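Note sheet for the following structure.
Protein chains: 4
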Amino acid sequence: MSFDRDHVLRTTADLLSRKATATTEEVARAAGMSRATLNRHFPGRDALVRALEDFGITECEAALETARLEEGPVEEAVRRLIRAIEPHASLLTFLYSENQLFEGDEQNAGWSRIDERLTSLFRRGQEDGAFRIDLSAAWLTEALYGLLAAGTWAVTEGRVARNDITHMIVELLLGGAMRKDAS
Amino acid sequence: MSFDRDHVLRTTADLLSRKATATTEEVARAAGMSRATLNRHFPGRDALVRALEDFGITECEAALETARLEEGPVEEAVRRLIRAIEPHASLLTFLYSENQLFEGDEQNAGWSRIDERLTSLFRRGQEDGAFRIDLSAAWLTEALYGLLAAGTWAVTEGRVARNDITHMIVELLLGGAMRKDAS
Amino acid sequence: MSFDRDHVLRTTADLLSRKATATTEEVARAAGMSRATLNRHFPGRDALVRALEDFGITECEAALETARLEEGPVEEAVRRLIRAIEPHASLLTFLYSENQLFEGDEQNAGWSRIDERLTSLFRRGQEDGAFRIDLSAAWLTEALYGLLAAGTWAVTEGRVARNDITHMIVELLLGGAMRKDAS
Amino acid sequence: MSFDRDHVLRTTADLLSRKATATTEEVARAAGMSRATLNRHFPGRDALVRALEDFGITECEAALETARLEEGPVEEAVRRLIRAIEPHASLLTFLYSENQLFEGDEQNAGWSRIDERLTSLFRRGQEDGAFRIDLSAAWLTEALYGLLAAGTWAVTEGRVARNDITHMIVELLLGGAMRKDAS
DNA sequence: TATGAATGAGTCTTCATTCAT
DNA sequence: AATGAATGAAGACTCATTCAT
Chain A
1 MSFDRDHVLR TTADLLSRKA TATTEEVARA AGMSRATLNR HFPGRDALVR ALEDFGITEC
61 EAALETARLE EGPVEEAVRR LIRAIEPHAS LLTFLYSENQ LFEGDEQNAG WSRIDERLTS
121 LFRRGQEDGA FRIDLSAAWL TEALYGLLAA GTWAVTEGRV ARNDITHMIV ELLLGGAMRK
181 DAS
Chain B
1001 MSFDRDHVLR TTADLLSRKA TATTEEVARA AGMSRATLNR HFPGRDALVR ALEDFGITEC
1061 EAALETARLE EGPVEEAVRR LIRAIEPHAS LLTFLYSENQ LFEGDEQNAG WSRIDERLTS
1121 LFRRGQEDGA FRIDLSAAWL TEALYGLLAA GTWAVTEGRV ARNDITHMIV ELLLGGAMRK
1181 DAS
Chain C
2001 MSFDRDHVLR TTADLLSRKA TATTEEVARA AGMSRATLNR HFPGRDALVR ALEDFGITEC
2061 EAALETARLE EGPVEEAVRR LIRAIEPHAS LLTFLYSENQ LFEGDEQNAG WSRIDERLTS
2121 LFRRGQEDGA FRIDLSAAWL TEALYGLLAA GTWAVTEGRV ARNDITHMIV ELLLGGAMRK
2181 DAS
Chain D
3001 MSFDRDHVLR TTADLLSRKA TATTEEVARA AGMSRATLNR HFPGRDALVR ALEDFGITEC
3061 EAALETARLE EGPVEEAVRR LIRAIEPHAS LLTFLYSENQ LFEGDEQNAG WSRIDERLTS
3121 LFRRGQEDGA FRIDLSAAWL TEALYGLLAA GTWAVTEGRV ARNDITHMIV ELLLGGAMRK
3181 DAS
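Protein chains in written order, with our numbering: chain A, 1 to 183; chain B, 1001 to 1183; chain C, 2001 to 2183; chain D, 3001 to 3183.
Rendered as structure tokens:
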């Protein structure tokens, strides 16, 4: 069977987002191969993490494209966003929890670009009068990350059904973000 | 000066919630002592993590007492809760991200008790008609953890002012949780 | 070349019988490998000592079989015994000096069995009228251990030629154990 | 209570002759004091070992004086020797097992002097025609050390009564050493 | 003087990586 | 190309020693 790079990266993100201290052995076993083989494809742990970052950024940017954040009402854009990005939540969670480690890196540029697009979306919501202005766009962005992570864990622990989690996140975030008197 | 156990535990929680892979050396230095001394008081890294769990459970339970969750309108109880628990957020964040470890332990009993009290609070909100019923109490509990973690990181990264974070969390969570047509 | 477990154990016994405080590094180097590799095969110093005990028991039991202790005159059986067991003397010496450790363990059962067989041999000598009865069988057994250890050290320090040591031990032990008036 | 140097040294010799890897903590507790206090009197582990060596040499030399090795028949001299030196056997055992560690040291001079006197005694026995010449004087000396150590252990483990051990050692050694046809 | 507490030094163990098959 | 085995490097732990009381 040929080497399935995507599968390895997703499995690794799942594992590392739950257990940041997982050893290379655990990562390799979770991906169904030996340490040595994992090392052949990703020479060094750092290389694996970089690959994860690249992969995560690529996937998230694709999701952002799919969601067409700039189009239509903000509320609908947020719904599309969460629906598109939720499948990659564990990858995003991993990037989120690791992003203080590679500060100043070129990877950070990709990450910042994503972060900026999300923040812009929420800022647009505020400018449109749809979103409250006392909850800053930066906070809404950060809260989205937190809720995606919480959603992943809630599903993993069986507290929320996989099919419900997108709705749960969307409604909580929009409910909190939107003005109550919006007509 | 005598050994300040609380100080050590708080410092350690701060560090580990930001960098789960921190070495014993880093932990000890952050607490202002040598590795050997840290080891004298907490024999082994596991012992330190266990102590953090005990400490976190104790602190959170004290915060829950302070918040008097069963009293008055749910909305106010949630506000009191977040205000009381936010100072311990980094501890909670660490425990939250680590809570897959030591499963089945007696520590878990303490943690489950806290979790149950929070879930009860949200369930009461739903029974009172104040909270939406399509967002389950279990999810609101999990979301609270996620927002506390996001808040901690947002403050650490300078995206949100420390003085604002309680408001940000409260408003987002309550805004999302409460029924829109509540009179 | 494949890993030679016997070689490692023999080398280790040689070293530890001379210097009980030898570090893992010294043990590994004496066996011609790195600490890490030694640890791969014997995870932890205790595991190595346990393996030495198992190995020693096995080797000694084999030597006891070879010596056919129950056959022929006791004097000849003792000669065969010492001849058979002397090559393993450093292993035995190490175990002898360490045998207060791991008391009550299953290892001790194996050791006790050997001890019992030796004691039985000397008891037979007394019952046959060949050995003095004022020197107890238990003491003769213990003395045998002491003389084997002394022999190992005497050879190591160059006080006695390797080829002579069996004779030295045999003659001293038998000379002391046998009745003077034996016809 | 005043500090009892002799008691500490004897206790330490007892412990170290049985367990060469005993920690300073164990040594101090066996002597009935804290690590720190032991260190006050013997600054550093080496200092303690040196003191033990000095003490052991002094005690052994005193025992040798008492035994008047040069006087009378060799057989009687050996009996007096073992009777005099047996109470210090654990000290001697410790020195014996440690003596490869401080090679070339000045301490070694004292030890060698003792060793030489013992060897001379056995050589005299051979020259007198009382002892066999196929068992070298060096070996008999070494065997004496081994039997003293074995005797100490045999008593500790309850295999031989304390009151019998001198007889056991004497008879075994003399029986082995003496010519059978000695009239 | 005696001791609990603190720590530098050194040992033990594990991990990420490389190598031989 | 894939893997079990070997190992340097790094982390965790323990000990002997020192210090403040």
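Beta carbons: idealized from backbone N, C-alpha and C, even for Gly.
Just so we're clear, the structure is a prediction, and the values are computed from it rather than from any experiment.
Run down chain A in chain order and give the residues with a C-beta less than 9 Å from the C-beta of residue i.
i: B/Y1159; result: At residue 1159 of chain B the sequence reads Arg, which differs from the Tyr that was named. Under the 9 Å cutoff, chain A gives S136, A138, W139, T141, E142.
Does the beta carbon of residue i sit closer than 8 Å to a beta carbon anywhere in chain C?
i: D/T3024; result: no
i: D/T3011; result: no
i: D/L3069; result: no
i: D/A3047; result: no
List the residues of chain A that residue i touches, going by C-beta distances under 8 Å, in chain order.
i: B/E1171; result: R132, D134, L135, G176
i: B/L1147; result: A143, G146, L147, A150
Once the 5 residues before and after residue i are set aside, which same chain residues still bring their CB inside 7 Å of it?
i: B/T1119; result: A1137, A1138, T1141
i: D/A3047; result: none
i: D/D3115; result: T3141
i: B/T1066; result: A1084
i: A/A22; result: L15, L16
i: B/T1166; result: I1082, R1083, E1086
i: D/P3043; result: none
i: B/R1079; result: V1170
Counting along the chain, where does the alpha helix (DSSP H) carrying residue i start and finish?
i: C/E2098; result: 2089-2098
i: A/I165; result: 165-177
i: B/S1017; result: 1005-1018
i: A/T24; result: 24-30
i: B/A1154; result: 1137-1156
i: B/T1037; result: 1035-1041
i: D/R3184; result: Nothing in the structure corresponds to residue 3184 of chain D, since chain D is present only between 3001 and 3183.
i: D/D3128; result: Careful: D/D3128 lies outside any alpha helix (DSSP H) and carries neither H nor E.
i: A/D54; result: 45-67
Give me, in chain order, the residues of the same chain whose beta-carbon lies closer than 6 Å to that of residue i; leave out the 5 immediate sequence neighbours on both sides.
i: C/G2056; result: L2091, L2095
i: B/Y985; result: Nothing about residue 985 of chain B can be read from this structure; chain B reaches only from 1001 to 1183.
i: B/V1008; result: A1031
i: C/V2155; result: R2162, I2165
i: C/R2035; result: T2024, E2025, A2028
i: C/E2059; result: H2088
i: C/A2051; result: F2042
Quick one: list the residues of chain D neighbouring residue i, beta-carbon separation under 7 Å, in chain order.
i: C/M2168; result: L3135, W3139
Can you pull the chain C residues whose beta carbon is under 7 Å from the beta carbon of residue i, in chain order?
i: D/A3030; result: Residues of chain C passing the Cβ test: none, with the nearest at roughly 14 Å.
Using a cut-off of 9 Å between C-beta atoms, extract the partners of residue i located in chain D.
i: C/W2153; result: Y3096, S3097, Q3100, E3142, Y3145, G3146
Since residue i meets chain B, which of its residues come closer than 7 Å, beta carbon to beta carbon?
i: A/A20; result: A1020, T1021
How about residue i: is its Cβ closer than 7 Å to a heavy atom in the ligand FAD?
i: B/S1002; result: The ligand content of the structure shown is nil, which means the ligand FAD is not present either.
Within 8 Å (strictly less), CB to CB, does residue i reach chain A?
i: B/R1005; result: no
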